[in-house]
Structures are given as C-alpha cells and as structure tokens.
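Asks: To start, I am sharing the structure in question, which I have written as structure tokens.
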Amino acid sequence: MYMSAQKVSTVKLSSTYYKVDFRLLDKPRAKPKPLQFVNVWIPLVDEVPMSISDYEDCEDKLSIIVKVVGEGTRALVEGSGYYGVKGFYGNGINVEDYDSVLFVAGGVGIAPLPLLVKRCLEANCKVDVVWGVRSGDMLFNVKSIAPGVNEVYVATEDCSIGYCGLASELASSLIQKYPGRWSAIVAVGPKPMLRALCENLGDRDVYVSLEAIVKCGLGACGSCTLKPYPKLLCRDGPVFKCGEIIDHLKPP
Amino acid sequence: MAPYSSVVRSLITSNPLEVVVGGLRLEHPVLNASGVLGFEPEHVEILARAGFSGIVTKTFTKDRREGHPPPIIVELDNGGLINAVGLSNPGIGGICPVVKAAKSLGKPVVVSVEGSSSEELVELVARAEECGADAIELNLSCPNVRYGGIEIGSNPSLVYSFVRDVTSTTKLPVFAKLGLCDKAVEVASKAIEAGASGLTLINTIKAMVIDVYAAKPILSNRYGGLSGPPIKPIALRVVYEVYEELSVDIIGCGGISTWRDAAEFILAGAKALQVGTAFIKNKAVVNEILSGLKKWIELIGASRVLDLVGLAHRR
Chain A
0 MYMSAQKVST VKLSSTYYKV DFRLLDKPRA KPKPLQFVNV WIPLVDEVPM SISDYEDCED
60 KLSIIVKVVG EGTRALVEGS GYYGVKGFYG NGINVEDYDS VLFVAGGVGI APLPLLVKRC
120 LEANCKVDVV WGVRSGDMLF NVKSIAPGVN EVYVATEDCS IGYCGLASEL ASSLIQKYPG
180 RWSAIVAVGP KPMLRALCEN LGDRDVYVSL EAIVKCGLGA CGSCTLKPYP KLLCRDGPVF
240 KCGEIIDHLK PP
Chain B
0 MAPYSSVVRS LITSNPLEVV VGGLRLEHPV LNASGVLGFE PEHVEILARA GFSGIVTKTF
60 TKDRREGHPP PIIVELDNGG LINAVGLSNP GIGGICPVVK AAKSLGKPVV VSVEGSSSEE
120 LVELVARAEE CGADAIELNL SCPNVRYGGI EIGSNPSLVY SFVRDVTSTT KLPVFAKLGL
180 CDKAVEVASK AIEAGASGLT LINTIKAMVI DVYAAKPILS NRYGGLSGPP IKPIALRVVY
240 EVYEELSVDI IGCGGISTWR DAAEFILAGA KALQVGTAFI KNKAVVNEIL SGLKKWIELI
300 GASRVLDLVG LAHRR
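Residue numbers (numbering that gives the first Met the number 0), protein chains in the order written: chain A, 0 to 251; chain B, 0 to 314.
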C-alpha cells in the first residue's frame, strides 16, 4: 500500500551510514516483518527500495539505514518534509521457529538488524551478529540501534578493527568453532558474500536476503527477476534458502 | 485403439471452458493482460504456472525502452493500480526468447507490439511470426507513451491504417487493443474493417494520483493508466456496446478479479478475458476464476462457455 510519510530525523551513525526516521501518516495494514522492504518516494527526485530497519508500532515510526550512493539516497539523508512509503514488500522471515540466530551482515546489510532482534526477542530467540565492512570508520555501535542484540563480531577489510578480512570468512570460522550454537544463519549483503556463505555452510537453515532493481514492488514490472529462476525478488523474496537461489548467486 | 482415441477426443471437445477467439484456440478463456511481466522467459514460466491458457507478452517496441523512472506504480485504496511503466522492454530482440519459452511450456502466445511507424510495426510482427507466435496484439492505446498510444487508438482513420499495415503482411490473427474513448464503436469497426480478427477491450484508463502532504503527483510521469476493480464497469460497458453494434470477437480486459466479473464480460460479448491487476494481488486468481466459471456454467444448465457469449444482449 501507499503511505504518506513525514521525515522525523536523520542521525549520522558513522562515516558512511545514516539512520533516517519517518512517521507514517497512513496506518499500515499489518506490522512489518524482519527483512521486508519499502520503496521510499522522494518527491521530484526518485524512488528507492530500502530495507526496513526498525518499526515502532504505537508511533507508526519507520526507520531505514541509508548509505549515500546517488541523488535519491542523498535526498533521503539531507532532505526534509514529506515522502511516500510503499510496502511493506517481500515476505520477510519468520524467526519464531528458531532459538538462536546468527545474523551476518556485509556493509549496509546491517540495516534490517534492529527489527530482526526485536521480533526475535519477542519469540525468546537471541541474535548474534557478524558485521563486515571495508574500513573501520564505517563501523558504529550496533547496540545503539539494536539494544537487544547478544554478541557482536566485526570484520574489516582494511584490518583496522576486529577480524581482518571478510564477514563471510569470520562467520564461517565462528560456525566451525561453535558447532550447533545457532539454529539459523541469516545473511544480508553483497552477492559474493552470500555466495561464499552458501558454498561454505550448505543449505541447512541458511537464509540469504537478495538485492535487485525493484521498480514496482508488486510483481508487475518484472525488473527484479532473479534469473535463471522464474522468481521475483519483490514477490517471492527477498529472503531465500541457499538451495532455492544458488544459481542466481553464481557469477555471470 | 479407436475407442480409446474417440474417448480422448470427446474429453477434449467436451471441455466446457474451451474457447476460440479470433481464430485462436484456448483451453479456457483466461489470458494474462499485457504488461504484467512478459518480457523474459522466466516471466513466461511464472505466468504459465499461474494457469493462464495463453501468454500475452509485454508490449515490444523495435528499440529497447528503459521506461519511466520510478515511481512507476501506485496502489490505490479503492483496489485500483495506477501505472506508468512506460513500455519498458528489451526491444525486438526480446521477442523470440519469450515466444520460445511459451511454446516449450505448451502455451499459445500472443505477442503485443507497438510502433511509431508502420515500418516498425511490420518488422515487429514479422519477427513475432518467424519466432512462432500464435497471434499479434496491436497495442493502440497505451496511455503512457507519446507515440502510438491512446492518441492513435482514438482516431478511427489512424487505427484503420495501423491495423491494415499489420494485417496485410501477416497470416497471424491480429487483435487490436483499444482504450477508452468516445468513439469506441467507430474505432472498433475500423479495426475490424482493416482486417483485425478481434479486439482487446480495454486498456488502462489515463489517470493520476497526488500525495496530499507532498502536494505533488506521485508518478514520475505524473499520469498513468488506471487498472483493477475501479475500471471494471467501464470496460464491461465498452465490451457490451461494441458487441451490441458489431458482434465481433472480443477479449475483455479491465478489472476482472473474480469469476463473477469474468461471467459478466462473457455475457456482455467477450469470448476470452485478460487478467492483470488481480493476478498481481492474488497468485491463485486464475484457478479461482475457472472453478467459479465451471460451477456457474453447470448451475445455469449451459454446456460450454462459448454458448454464453453475448447472452446479455438477448431481448
């Protein structure tokens, strides 16, 4: 559905990431699920798909985490006033079935963590996090946006903080070190990271959240087709088990 | 062997939902509406799995089109959708892969085309025919493009010449897809006079939506095409009116979401139907429509859907 929204605030989290909060002026039909997404319309500028980072039911407050990559995301961070929020799109993930989740994030893939943690805690499930970024200055305190999170492990490619290397490597080594500690792995990040996790960890309860160009969000325009599968990210995803989507993750 | 094959034949011919429209034989009347997916082989598989009896492709233009920038679609509270995708498609080269995908899934395929000149149209239609298309749908009514859109579709003499250009160069059945206009009957009759095997009625209706806080039109194109339940009574009226005057083969399209909507269009004169918006909202819509139609046919004591086409015109 289409909801009018008013921007409430922008908070700079690190050198690269901003938290942007909106108040929804129309009541959504249902509460969002973790890993669902919205298309945010920036009047006269663009419309961009954004992972739902957090949601406060009573205030109808929706948060997203933004990395400035173009005109649209810049307008999200710097602009003010009224916007449009379309969603909630995608199927998201049901965390109720798990008692312990390892969330593996690459870069801005950290965005959906707060809502995931919130829903997990409601279902008595705890969330540990592996977060990998290119350089240490991109990091921020994860507990500042997701206070209920359990352990946080960080990896940097410039080796300035935490594990020296990729999130996928750190996650794989932790899983090897603590077999059986997590009943589900949920990964959000760039394709090579997701591919590496799927290859290393096999199919069992490893969920990956994909990205694609999403134009309509409704399964009409076909822009988010996950070739070679007859699947659409907006309608069938964005979360898949590795086995459902492994050919899509292969390099072209 | 003989008894067996005659049993099979009687099973096939006794399919109460089978229809023939404009020379196109379909196992049941429900096609997808052009514009919902339909430009990649993967899309064809999604549509085929949803149970459509044939695949109508996204409208192909000669050159690749990026379409309009987002926002290209808005859901309305009244169940309607307004879209201004802007005919994004991969161009003429995209036709064969889509046609082949449909054929490999055993589905008849209607290739939708739009051109800014008769040369372009002829080239597109020739390609579709080479690839094995079963029919052509000539999109003469897109509300979202400058050329070849609703301006042509509401001009009887232009419709005649565009349709003539196509029908004179192809053996395939040609359906002219027309939009809402004051001269619907006149335009429709020109299309038939020019050799169209049938008509697809109607396209989306030019419309818009404004965000009252941002105080701006939401679509980047400002205007878009309204589809879904809000346009159903209008589309139904156009089908009824054209059938009343011309008794031609019609594919009804516009807000069909339930078997009851489908039944109304059939009674108004449609031999086949296209479903777009309802499929976006409900993946099971085709089977729901079909099982409803079957029960309806049985209940009113008819033997097949074709016997009911245009029945509402009987006085």
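Ideal Cβ placement from N, Cα and C applies to all residues, glycine included.
Note that the structure is a prediction, hence the values are computed from the model and not measured.
So R126(B) and I94(B) are supposed to be a Cβ contact under 8 angstroms. How far apart are they, rounded?
Replies: 5 angstroms
Asks: Against chain B, with Cβ distances strictly below 8 angstroms, would E46(A) count as a contact?
Replies: yes
Asks: Hey, does Y3(B) have any beta-carbon neighbour from chain A nearer than 8 angstroms?
Replies: In this predicted model, Y3(B) has a pLDDT of only 49, less than 50, meaning its place in the structure is not dependable enough to derive any value.
Asks: Should V84(A) and V47(A) be called a contact, given that it needs their Cβ atoms to be closer than 8 angstroms?
Replies: Between V84(A) and V47(A), the C-beta gap is not smaller than 8 angstroms, which leaves the two residues out of contact.
Asks: Would you tell me roughly how many angstroms separate the C-alpha atoms of V184(B) and S256(B), rounded to the nearest one?
Replies: 25 angstroms
Asks: Relative to the C-alpha of D53(A), which candidate in K30(A), V100(A) and A4(A) has its C-alpha closest?
Replies: K30(A)
Asks: Using C-beta distances below 6 angstroms, list every residue in its chain close to I63(A), excluding the 5 sequence neighbours before and after it, in chain order.
Replies: V19, M49 and S52
Asks: Can you find a CB in chain A that lies within less than 8 angstroms of the CB of K326(B)?
Replies: The requested residue 326(B) does not occur in the structure, where chain B is confined to residues 0 to 314.
Asks: Taking only beta-carbon atoms, is W40(A) less than 8 angstroms away from chain B?
Replies: yes
Asks: Who are the neighbours of M0(A) on chain B, taking C-beta pairs under 8 angstroms?
Replies: E74 and D76
Asks: Alpha carbons only, please: which of P27(A), P178(A), S99(A) and S222(A) is nearest the one belonging to V121(A)?
Replies: First, the amino acid is wrong: residue 121(A) is Glu here, not Val. For the residues P27(A), P178(A), S99(A) and S222(A), the minimum Cα distance to E121(A) belongs to S99(A).
Asks: If the cut-off is 7 angstroms on Cβ atoms, which residues from the region 194 to 220 of chain A count as contacting chain B, listed in chain order?
Replies: The region 194 to 220 of chain A vs chain B, Cβ under 7 angstroms: K214, C215, L217, G218, A219 and C220.
Asks: Is the CB of P229(B) under 8 angstroms away from at least one CB in chain A?
Replies: no
Asks: With the cut-off set at 8 angstroms, would you say G131(B) and V98(B) are in Cβ contact?
Replies: yes
Asks: Looking at chain A, is there any beta carbon in it that lies within less than 8 angstroms of the beta carbon of Y239(B)?
Replies: No, no contact with chain A.
Asks: Which stretch, first to last residue, makes up the beta strand (DSSP E) that contains E46(A)?
Replies: D45 to S50
Asks: Would you say the region 142 to 156 of chain A touches the region 191 to 210 of chain A, given that touching needs at least three Cβ pairs under 8 angstroms?
Replies: no
Asks: By alpha-carbon positions, which one of S14(A), V39(A), E55(A) and V76(A) ends up nearest to S8(A)?
Replies: V76(A)
Asks: Strictly under 8 angstroms for the Cβ-Cβ distance: is N82(B) near chain A by that measure?
Replies: It does: the Cβ of N82(B) has a partner Cβ on chain A nearer than 8 angstroms.
Asks: If you count every other CB in all the chains shown that lies within 10 Å of the CB of K176(A), and 16 or more means buried, which is it?
Replies: exposed
Asks: Within 8 angstroms (strictly less), CB to CB, does Q273(B) reach chain A?
Replies: Taking a beta-carbon distance threshold of 8 angstroms, Q273(B) does not count as an interface residue toward chain A.
Asks: Taking Cβ-Cβ distances shorter than 8 angstroms, what residues in chain B pair up with Y54(A)?
Replies: Those within 8 angstroms of Y54(A) in chain B number zero; the least Cβ separation is about 19 angstroms.
Asks: Using a Cβ-Cβ cut-off of 8 angstroms, state whether E65(B) counts as contacting chain A.
Replies: No, E65(B) lies away from the interface with chain A (no Cβ there is under 8 angstroms from its Cβ).
Asks: Once DSSP output is grouped into helix, strand and coil, what is the label at L266(B)?
Replies: helix
Asks: Using the Cβ count rule (16 or more neighbours within 10 Å means buried), how would you classify R313(B)?
Replies: exposed
Asks: Residue range of the alpha helix (DSSP H) that I352(B) falls in?
Replies: Because chain B is modelled from 0 through 314, residue 352(B) falls outside the range shown and cannot be assessed.
Asks: Bridge partners of M2(A), per DSSP?
Replies: V84(A), per the DSSP bridge assignment.
Asks: Kindly say whether L137(B), judged by its beta-carbon, lies nearer than 8 angstroms to any beta-carbon of chain A.
Replies: no
Asks: Do L298(B) and G79(B) have their CB atoms nearer than 8 angstroms?
Replies: Going by C-beta atoms, L298(B) is not nearer than 8 angstroms to G79(B).
Asks: Between the beta-carbon of N138(B) and the beta-carbon of K182(B), is there less than 8 angstroms?
Replies: no
Asks: Could you have a look at K99(B) and say whether DSSP puts it in helix, strand or coil?
Replies: In the structure shown, K99(B) sits in a helix (DSSP, three-state: H, G or I).
Asks: Would the beta-carbon of S52(B) fall within 8 angstroms of that of V19(B)?
Replies: no
Asks: Is there contact here, the region 89 to 106 of chain A with the region 119 to 135 of chain A, by at least three beta-carbon pairs under 8 angstroms?
Replies: yes
Asks: When the Cβ atoms of the region 242 to 249 of chain A are set against those of the region 109 to 118 of chain A, are three or more pairs found closer than 8 angstroms?
Replies: no
Asks: Classify N123(A): buried if its beta carbon has 16 or more other beta carbons within 10 angstroms, exposed otherwise.
Replies: exposed
Asks: What's the C-alpha gap between A4(A) and K142(A)?
Replies: 26 angstroms
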